[in-house]
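Have a look at the structure below, then the notes.
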Amino acid sequence: MPRPRVLIADDHKIVVEGLKKVLHPDFDIAGTVEDGRELVASAEKLRPDAIIVDISMPMLNGIEAVRQIKKVHEAIKVVFLTMHLDVAYAVSAFQAGASGYVLKHSASDELVTAIHEALQGRTYVTPLIAGKLQQANEEGGHRQADTARGLTSRQREVLQLLAEGYATKEIAAILHISPKTVEYHKYKMMEDLGIKSLAELVRYAVKHGVAEP
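Take the position in the sequence shown, starting the count at 1, then add 23; the result is the number in this note's numbering.
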């Protein structure tokens, strides 16, 4: 019986090498990627059984990447492996389609179990936040890390790239759209959010979990 194939998404090479050692006894490593856009492309190409992904990813954060993947490949299981202890991120992760949520410092103890649970159609939440997540779900899951949910998926993509310092032409090339369309999304977001400058827009992206500081 073939072993489950796992795709690892993390932009820290030391973390990736450590994860390979943790996962190797139970799983085959389908591949590794360092940014969210590469993750979406590799999920399409490699069709792994499971994905291990960090929330904080360059180019496209993990939650946005998983949203895109799950729209097309619902059967791929996703376990988030992150530093974020805030339950709001866990709420967003599960709403995006995750089956597991593990903290990085617990990876050696919990990650293999979380993946097996996901592959069996169950969910796994690190015990440190399980109670808080249950409470958040009982309250309707209204508390979310990415409260920029009023924005469209494309707008959130543009917003993250702007916050990471990419110029309009660079964003256009990355997203395969015209510079004019990038500018439209930028100014539409500023208008809708009541924001007057690009600096304010970047601060908004960081505050609402769309991009890292």
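Here a beta-carbon is modelled for each residue, glycine too, at the ideal position from N, C-alpha and C.
Below 8 Å, can you find three or more Cβ-Cβ pairs linking the stretch 28-40 to the stretch 69-85? Short answer: they touch.
Per-residue burial, E97 [other beta carbons within 10 Å of its own, 16 or more giving buried]: E97 should be labelled exposed.
Return the first residue and the last residue of the alpha helix (DSSP H) that F237 is part of. The requested residue 237 is not part of the displayed model; the chain covers only 24 to 236.
Should S65 be labelled buried (16 or more other beta-carbon atoms within 10 Å of its own) or exposed? Answer is buried; the Cβ neighbour count reaches 16.
Say yes only if the C-beta of P202 is nearer than 6 Å to one or more non-hydrogen atoms of the ligand FAD, and no if none qualify. Only the bare structure without any ligand can be found here, which leaves the ligand FAD out of the picture.
For the pair the stretch 178-192 and the stretch 218-231, tell me if three or more CB-CB distances fall below 8 Å. The count of Cβ pairs closer than 8 Å, one atom from the stretch 178-192 and one from the stretch 218-231, reaches three, so the stretches are in contact.
In the structure shown, what three-state DSSP assignment does I218 receive? Of the three classes helix, strand and coil, the one that applies to I218 here is coil, per DSSP.
Measure the beta-carbon distance from L42 to G54 and round it to whole angstroms, keeping in mind my assumption that it falls under 8 Å. 12 Å between Cβ atoms; not a contact.
Between which two residues does the alpha helix (DSSP H) holding D132 run? Residues A130 to L142.
Out of I197, E235 and G123, point me to the one whose CA is closest to L104's CA. Considering only alpha carbons, the answer is G123.
Quick one: what's Y207 bridged to in DSSP? Answer is none; Y207 lacks a bridge partner.
When you compare only the Cα positions, how much space is there between L156 and V114? Roughly 7 Å between the two C-alpha positions.
Given a cut-off of 7 Å on the beta-carbon distance, is the pair D146 and V125 in contact? Checking the displayed sequence, the identity of residue 146 turns out to be Thr instead of Asp. No. Outside cutoff.
Beta carbon of A116, beta carbon of R90: below 7 Å? Between A116 and R90, the C-beta gap is not smaller than 7 Å, which leaves the two residues out of contact.
Indicate whether V45 and L134 have their beta-carbon atoms separated by less than 7 Å. Going by beta carbons, V45 and L134 fall inside the 7 Å limit.
Within 10 angstroms of the Cβ of L30, are there 16 or more other Cβ atoms? Answer buried if so, exposed if not. L30 sits buried, since 16 or more C-beta atoms from the chains shown fall within 10 Å of its C-beta.
To which residues of the same chain is Q178 closer than 6 Å at the C-beta, ignoring the five residues directly before and after it? Residues H208 and M212 of the same chain have their beta carbon placed closer than 6 Å to that of Q178, with the five preceding and five following residues left out of the count.
Does V229 come out as helix, strand or coil in the three-state DSSP assignment? Here V229 sits in helix by DSSP.
Whole-angstrom distance between R26 and N160, CA atom to CA atom: One C-alpha to the other measures close to 34 Å.
For a quick check, are the C-beta atoms of I138 and V101 less than 7 Å apart? Against a cut-off of 7 Å, the Cβ pair of V101 and I138 comes out as no contact.
In this structure, how does DSSP classify R28 when only helix, strand and coil are distinguished? Here R28 sits in strand by DSSP.
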